[in-house]
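Read in full-length UniProt numbering, the sequence shown has 350 at position 350, and its numbers run on one by one without any break.
Worksheet for the structure shown next.
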Amino acid sequence: MTVLKLSLVFRLISVYSIFFLVSFPLELESVARRVNLIKKNPMTLKNAHEFVKPDASNWKLTDLEMGSTLGAGSFGRVRIAKLKGTNDYYAVKCLKKREILKMKQVQHIRQEKQILLELSHPFIVNMMCSFQDDRRVYFVLEFVVGGEMFTHLRSAGRFPNDVAKFYHAELVLAFEYMHSKDIIYRDLKPENLLLDSKGHVKVTDFGFAKKVPERTFTLCGTPEYLAPEVIQSKGHGKAVDWWTMGVLLYEFIAGYPPFYDDTPFRTYEKILSGRFKFPSWFDARARDLVKGLLQTDHTKRLGTLKGGVADVKNHPYFHGANWDKLYARYYPAPIPVKAKSPGDTSNFERYPESQEDRGVPLTATQQAEFRGF
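What follows is the structure, given as structure tokens:
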């Protein structure tokens with residue numbers, strides 16, 4: 001199978017745009033100047049990354065004009081919505097209470113809400129508020145117009161090394177922040193990364209995230225991205241995220257995951273063995289970083305050693321990186337996002353619209369489970 005076909009096997013299909021190559025990090029500013037991507041008066045490092053949250057404390061469903069579906073899942077779907085009387089757009093996660101109860105996931109959804117409200121970072125999707133009605137729970141999130149990273153990766157087949165490096169660096173900062181709050185993400189993959197209007201990355205979908213100071217034993221995640229300690233149910237912590245960062249960097253550059261196989265069982269066997277091969281075009285420094293991140297023994301994994309995240313940031317692969325400027329989104333992103341308006345949904349897959357629920361209403365006892373949403 002070709003690289004592109006391999007990538008398609010395990011991925012939900014979306015739509016994406018093309019990208020152009022930029023050098024990172026030292027050459028980035030000179031390239032940007034040549035193509036007029038840096039404005040004459042760029043934003044300062046202090047405010048370049050800031051997302052200004054509106055006062056959404058009193059928002060309710062009737063304040064929003066609901067639009068088309070951006071994504072669908074087990075408990076419901078995500079729709080674009082416009083705040084009435086404004087030109088502001090949001091992504092609204094609409095979760096069916098009956099499905100949540102059926103799967104015994106009330107506490108899980110409550111935890112997702114608390115984590116989203118706690119996080120505020122330039123490379124993480126922001127949450128505005130949550131509310132509910134008789135049938136659903138609603139999370140109002142920042143709308144990220146560029147669509148899924150996976151769509152761009154699928155369109156390209158694979159990313160040039162400098163493109164992979166740029167986005168991997170932004171994600172290093174996102175995970176450094178999450179881990180500083182004792183939050184493990186546990187579901188990193190191209191489908192859970194979005195691009196904003198400027199082409200910068202945003203981590204989304206915190207359904208598997210958990211606040212864990214030490215270890216947890218829950219089996220969750222996508223087969224090709226599971227760390228060995230998760231498969232073996234030995235208990236896991238922040239090290240699982242650094243494993244998935246290794247898998248992601250490999251997939252960015254190769255175009256397919258390192259442990260890909262036809263069945264989840266054989267994928268798990270490959271993960272536990274820790275054996276994988278690099279394609280010939282893989283950058284030497286990127287190889288070394290991936291090897292450090294894909295250590296099957298989590299106590300030897302880069303990012304979890306004595307130096308912590310500094311070991312990742314100081315790796316030769318990121319030589320010359322200015323992490324403060326990266327955090328401030330000072331550098332122009334290498335993937336241009338095409339959007340005709342703030343509410344443009346053309347970078348997202350099309351979904352059939354759902355019918356209204358017509359089942360038996362929830363009982364008072366069932367509704368009480370959702371108190372506080």
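Think of the CB as a built atom: it goes at the ideal place given N, C-alpha and C, for glycine as much as any other residue.
Could you tell me the distance, in whole angstroms, from the CA atom of Asp309 to the CA atom of His315?
Along the sequence shown, one-based indexing puts residue 309 at 309. Along the sequence shown, one-based indexing puts residue 315 at 315. Per the sequence shown, residue 309 should be read as Val rather than Asp. Using only the alpha carbons, I get a separation of about 10 Å.
Looking only at its chain, what residues have a beta carbon closer than 7 Å to the beta carbon of Lys181, apart from the 5 residues adjacent to it on each side?
Sequence index remark: in the sequence shown, residue 181 carries index 181 (1-based). For Lys181, where only same-chain residues beyond five positions count, the Cβ hits under 7 Å are Glu118.
Roughly how many angstroms lie between the CA atoms of Tyr177 and Tyr327, to the nearest whole one?
In the sequence shown, residue 177 corresponds to position 177, counting from 1. In the sequence shown, residue 327 corresponds to position 327, counting from 1. Approximately 11 Å, taken between the alpha carbons.
Give the list of continuous alpha helix (DSSP H) stretches no shorter than 4 residues that lie fully inside the segment 124 to 170.
Within the segment 124 to 170, the complete alpha helix (DSSP H) runs of at least 4 residues are 149 to 156.
So, helix, strand or coil for Gly76, using DSSP?
Walking along the sequence shown from the start, residue 76 turns up at place 76. Of the three classes helix, strand and coil, the one that applies to Gly76 here is strand, per DSSP.
Taking a contact to mean a Cβ-Cβ separation below 8 Å, would you say Leu294 touches Pro258 in this structure?
Translated into the one-based positions of the sequence shown, residue 294 becomes position 294. Translated into the one-based positions of the sequence shown, residue 258 becomes position 258. One thing to note: Leu294 has its Cβ within 8 Å of the Cβ of Pro258.
Comparing alpha-carbon positions, which option in Val201, Ile335, Arg98 and Pro160 lies nearest Glu369?
What you label residue 369 is simply residue 369 of the sequence shown in a count that begins at 1. Measuring from the Cα of Glu369, the nearest candidate turns out to be Arg98.
CB contact flag (Leu80, Ala91, <8 Å)
Position 80 of the sequence shown holds residue 80. Position 91 of the sequence shown holds residue 91. Per the sequence presented here, residue 80 reads as Ile, with Leu not at that position. Note that the C-beta distance between Ile80 and Ala91 is below 8 Å.
Here's a check: name, in chain order, each residue in its chain whose Cβ is nearer than 7 Å to the Cβ of Pro361, leaving out the five neighbours to either side.
What you label residue 361 is simply residue 361 of the sequence shown in a count that begins at 1. Within the same chain, Pro361 has close Cβ partners Asp134.
Could you please give the first and the last residue of the uninterrupted alpha helix (DSSP H) stretch that includes Leu362?
Here residue 362 refers to the residue found at position 362 when the sequence shown is read from its first residue. Judged by DSSP secondary structure, Leu362 falls outside any alpha helix (DSSP H); it is assigned neither H nor E.
Are the segment 271 to 278 and the segment 185 to 194 touching by the rule of at least three beta carbon pairs closer than 8 Å?
No, the segment 271 to 278 does not touch the segment 185 to 194.
Helix, strand or coil: how does DSSP classify Leu302 here?
Translated into positions along the sequence shown, residue 302 becomes position 302. The answer is coil: DSSP assigns Leu302 none of H, G, I, E or B.
Strictly by DSSP, which residues pair up with Val247?
Translated into positions along the sequence shown, residue 247 becomes position 247. Its beta-bridge partners do not exist; DSSP assigns none.
Using the Cβ count rule (16 or more neighbours within 10 Å means buried), how would you classify Ser341?
Residue 341 sits at position 341 when you count from the first residue of the sequence shown. Result: exposed.
Cβ-based burial, Lys306 [other Cβ within 10 Å; buried from 16]:
On the sequence shown, residue 306 is found 306 positions in, with the first residue counted as 1. Classification of Lys306: exposed, given that the 10 Å Cβ count is below 16.
Would DSSP call Ser341 helix, strand or coil?
Position 341 of the sequence shown holds residue 341. In this structure, Ser341 counts as coil in the three-state DSSP scheme.
Where does Val52 sit, in a helix, a strand or coil, going by DSSP?
Translated into the one-based positions of the sequence shown, residue 52 becomes position 52. When secondary structure is reduced to three states using DSSP, Val52 falls in the coil class, being assigned neither helix nor strand.
Range of the contiguous alpha helix (DSSP H) that encloses Tyr268:
Taking the first residue of the sequence shown as position 1, residue 268 is located at position 268. DSSP places Tyr268 in the uninterrupted alpha helix (DSSP H) bounded by Pro264 to Ser273.
Among Lys198, Leu249, Ala209 and Glu224, which has the Cα closest to the Cα of Pro334?
By 1-based counting over the sequence shown, the position of residue 334 is 334. That would be Lys198, whose Cα lies nearest to the Cα of Pro334.
For Leu64, which residues of its own chain have a beta-carbon under 8 Å away from its beta-carbon, when the five flanking residues on both sides are left out?
Here the question's residue 64 lines up with position 64 in the sequence shown. Counting only Cβ-Cβ distances below 8 Å, and skipping sequence neighbours, we find Ala81, Lys82, Leu83, Lys84, Tyr90, Val92 and Val140.
Residue environment, Thr365, which counts as buried when at least 16 other CB atoms sit within 10 Å
As a first step, residue 365 is located in the sequence shown; it is residue number 365 there, counting from the start. Exposed: under 16 other Cβ atoms inside 10 Å.
In terms of DSSP beta bridges, what is Glu65 paired with?
As a working mapping, residue 65 is identified with position 65 in the sequence shown. According to DSSP, which records beta bridges pairwise, Glu65 is partnered with Lys82.
The segment 101 to 117 in contact with the segment 156 to 169 per 3-pair CB rule at 8 Å
Of all C-beta pairs linking the segment 101 to 117 to the segment 156 to 169, fewer than three are shorter than 8 Å, placing the two stretches out of contact.
Which two residues bound the contiguous alpha helix (DSSP H) that contains Tyr317?
Within the sequence shown, the letter at position 317 stands for residue 317. Per DSSP, Tyr317 belongs to no alpha helix (DSSP H) and is neither H nor E.
Give the range of the alpha helix (DSSP H) segment to which Lys291 is assigned.
By one-based count along the sequence shown, residue 291 stands at place 291. Its alpha helix (DSSP H) spans residues Ala284 to Leu293.
Determine whether the beta carbon atoms of Trp242 and Arg301 lie at a separation below 8 Å.
The residue given as residue 242 occupies position 242 in the sequence shown. The residue given as residue 301 occupies position 301 in the sequence shown. For Trp242 and Arg301, yes; Cβs fall inside 8 Å.
Around the Cβ of Pro228, are there at least 16 other Cβ atoms within 10 angstroms (buried) or fewer (exposed)?
As a working note, residue 228 is residue 228 in the sequence shown. Per the 10 Å Cβ criterion, buried.
Per-residue DSSP class, three states only, for Ala91
Locating residue 91 in the sequence shown gives position 91, where the first residue counts as 1. Three-state DSSP puts Ala91 in a strand.
Sequence-distant residues of its chain with Cβ nearer than 7 Å to Thr304 (five each side left out)
Counting from one through the sequence shown, the residue named residue 304 turns up at place 304. Within the same chain, and ignoring the five residues on either side of Thr304 in sequence, the residues whose Cβ sits closer than 7 Å to its Cβ are Lys238, Ala239, Trp242 and His298.
Give me the Cα-Cα distance between Tyr317 and Arg285, rounded to the nearest whole angstrom.
Position 317 of the sequence shown, counting from 1, holds the residue named residue 317. Position 285 of the sequence shown, counting from 1, holds the residue named residue 285. Each residue's alpha carbon lies about 5 Å from the other.
Taking the beta carbon of Met66 as the centre, do at least 16 other beta carbons fall within 10 Å, making it buried, or is it exposed?
By one-based count along the sequence shown, residue 66 stands at place 66. Counting other Cβ atoms within 10 Å of its Cβ, Met66 stays below 16 and is therefore classed as exposed.
Just curious, the alpha helix (DSSP H) that Ser325 is in, first and last residue?
Within the sequence shown, the letter at position 325 stands for residue 325. Looking at the sequence shown, residue 325 is not Ser but Lys. Its alpha helix (DSSP H) spans residues Trp323 to Tyr327.
Along the chain, where does the alpha helix (DSSP H) that runs through Val106 open and close?
As a first step, residue 106 must be located in the sequence shown, where it is residue number 106. Looking at the DSSP string, the run of the alpha helix (DSSP H) that includes Val106 is Val106 to Glu118.
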